[in-house]
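Count the sequence shown with the working numbering and you get residues 639 to 984, in order.
Single-structure report; data block below.
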Amino acid sequence: MGDQSSTRTVAAPPPDDLLPTCDPEPLFSNLNQAAGILAAVSGGPDSIAMMHLLARWGSERRPFLLVATVNHGLRPEAAGEAAFVAREAEALGLSHRTLVWTGDKPATGLQDAAREARYRLLVHLAREAGASHLITAHTLDDQAETILMRLARGSGLRGLKGMRRELDRDGIVHARPLLDWPKARLVDLCRQSGWAFVSDPSNADERFARARWRRLMPLLAAEGLTADRLALLAGRAARADEALEIKAHQALKAAEPVAGEGELSFRAACLAGEPFEIGLRILEQALGLIGLESSRLQRLEACLERLRAAIPAGRGLRLTIGGAVLHLDRAGRLRLRPEPPRSRGR
């Protein structure tokens, strides 16, 4: 079979000799009220360990639990790896589905496109199966790599929060219960428990940015920039971000907002009177209130700079950003509405 060379099985004591030290209940306690759980399992040590721990936790309460593997169609071994996960899941008494990313693959931005396709397929399956939660096996190492990549892109405070433990994906709760666990601990758990897993060579392919950062992690750790320290940074950034969001919400509420027919208007003085970072968040929240996602930080900053110059001068201004039209009138009121669809043929 095509995936034999990437599958590793290590003889070990029976799993029950080790598993009492890895009580799954604290890991999954916030899933107790889930209507159903879809676990994304690629076959790597992180997700294989998560699947075994889920099966053990589920034996206590047995929520509706479905395992899914996404075959991105990017490597010849992928189909065999999905079949391997299916066998492992079925041996644990768990149902399994394989999802396939079909269609043309982009020449650039392949990993981002694969990620978007993966979550689109998983969310669709979760909804189809009646699962309220999707869980993935992101680890402390994944969190550290994410923060480093965002630092390199010049991310703002929100990006430095790293990956969230829970977020909404089109009505499905995406949870990451292993975000505090180092990858090495999960690899050790698999080896000591005799759980087979697969090794994806693309994880070390330095054509991809994440793999390059992964290679640098030991060097950074030697200088004190460990995964734990980066996770500490993420936690502090999240705390500061929450405080700023609350302050921005209060400022927008005080600016006499008026909503109607997919539009929003408010007194724009708050954008000039509040600190710049609060002004950015007021704009983001206002965009969200008309159903639009925030634009890139750099574009949002440029937009706010123009507004802050126009507001004290009493000048009118019209801008477009993130699918929205912003109109500042001479009375100092800012109106936001979705940009109208472009006419065909233009």
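From the three backbone atoms N, C-alpha and C, an ideal C-beta is built for every residue, glycine too.
For R984, is the classification buried or exposed, using 16 other Cβ atoms within 10 angstroms of its Cβ as the cut-off for buried? Here residue 984 is taken as the residue at index 346 of the sequence shown, counted from 1. Below a pLDDT of 50, predicted positions are generally treated as unreliable, and R984, at 45, falls in that range; no measurement from the model is reported.
Thinking just about the alpha-carbon of each residue, which of L857, A907, R877 and R973 is nearest to the one in G900? Working through the sequence shown from its first residue, we reach residue 900 at position 262. The option with the nearest alpha carbon to G900 is R973.
Is the segment 707-716 in contact with the segment 842-858, if contact means three or more CB pairs nearer than 8 angstroms? no
Where does P701 land, buried or exposed, given buried means 16+ other C-beta within 10 angstroms? Here residue 701 refers to the residue found at position 63 when the sequence shown is read from its first residue. Label assigned to P701: buried.
Report the three-state DSSP secondary structure of V723 (helix, strand or coil). As a first step, residue 723 must be located in the sequence shown, where it is residue number 85. V723: helix per DSSP, three-state reduction.
Shortest alpha-carbon distance to R758 belongs to which of L902, C660, I810 and I675? Here residue 758 is taken as the residue at index 120 of the sequence shown, counted from 1. Checked all of L902, C660, I810 and I675; the closest Cα to R758 is I810.
Whose C-alpha, out of I949, A940, P839 and L798, is nearest the C-alpha of E880? Here residue 880 corresponds to residue number 242 of the sequence shown, with the count starting at 1. When only C-alpha atoms are compared, the closest one is L798.
When the Cα atoms are used, what is the spatial distance from A598 to R971? This structure cannot speak to residue 598, because the chain is shown only from 639 to 984.
Distance, Cα to Cα, P652 vs G832? By 1-based counting over the sequence shown, the position of residue 652 is 14. By 1-based counting over the sequence shown, the position of residue 832 is 194. Confidence at P652 is low in this model, with a pLDDT of 39, below 50, so the placement of that residue should be treated as unreliable; the coordinate-derived value is given next. Taking the straight line from one Cα to the other gives about 8 angstroms.
Can you pull the DSSP bridge partners for R956? Reading the sequence shown from its first residue, position 318 is the one you call residue 956. BP columns for R956 point to H965.
Under the three-state reduction of DSSP, which class applies to F702: helix, strand or coil? The residue given as residue 702 occupies position 64 in the sequence shown. DSSP places F702 in coil when its eight states are reduced to three.
Residues in the same chain with beta-carbon distance under 6 angstroms from G917, minus the five sequence neighbours each way, listed in chain order, please. Taking the first residue of the sequence shown as position 1, residue 917 is located at position 279. The answer, listed in chain order, is L909 and L942.
Which residues DSSP lists as bridging F904, in chain order: As a working mapping, residue 904 is identified with position 266 in the sequence shown. According to DSSP, which records beta bridges pairwise, F904 is partnered with L972.
Quick one, which of E728, V723, K743 and V708 has its alpha-carbon nearest L763's? For the purposes of this step, residue 763 is taken as the residue at position 125 of the sequence shown. Out of E728, V723, K743 and V708, V708 has the C-alpha closest to the C-alpha of L763.
In chain order, what residues of the same chain lie with their CB nearer than 6 angstroms to the CB of V825, ignoring the 5 residues before and after it? One-based indexing of the sequence shown puts residue 825 at position 187. Closer than 6 angstroms at the Cβ level, and outside the excluded window around V825, lie P683.
Nearest residue (CA-CA) to S770, options G718, L816, L676 and D742: Position 132 of the sequence shown, counting from 1, holds the residue named residue 770. For S770, the nearest C-alpha among the options comes from L676.
Under three-state DSSP, which class holds V679? As a first step, residue 679 is located in the sequence shown; it is residue number 41 there, counting from the start. Of the three classes helix, strand and coil, the one that applies to V679 here is coil, per DSSP.
Bridge partners for L763 per DSSP, in chain order? Locating residue 763 in the sequence shown gives position 125, counting from the first residue. Its beta-bridge partners do not exist; DSSP assigns none.
Helix, strand or coil for S831 per DSSP? The residue given as residue 831 occupies position 193 in the sequence shown. S831: helix per DSSP, three-state reduction.
According to DSSP, A1001 sits in a beta bridge with which residue or residues? Residue coverage of the chain in this structure runs from 639 to 984, which leaves residue 1001 outside it and unanswerable.
If you follow the alpha helix (DSSP H) that L857 is in, where does it begin and where does it stop? Reading the sequence shown from its first residue, position 219 is the one you call residue 857. A847 to A860 is the span of the alpha helix (DSSP H), which, as asked, contains L857.
Proximity to F904 [Cα-Cα], best of A892, E804 and R944: Translated into the one-based positions of the sequence shown, residue 904 becomes position 266. Among A892, E804 and R944, the Cα nearest to that of F904 belongs to A892.
Beta-carbon proximity list for A969, same chain, < 8 angstroms, skipping 5 on both sides: Stepping through the sequence shown from its first residue, residue 969 is reached at position 331. In the same chain as A969, and ignoring 5 residues on each side of it, no C-beta atom comes closer than 8 angstroms to its own.
Under 7 angstroms, do S733 and L704 count as touching if we go by C-beta distance? Taking the sequence shown and counting its residues from 1, one reaches residue 733 at position 95. Taking the sequence shown and counting its residues from 1, one reaches residue 704 at position 66. Going by C-beta atoms, S733 is nearer than 7 angstroms to L704.
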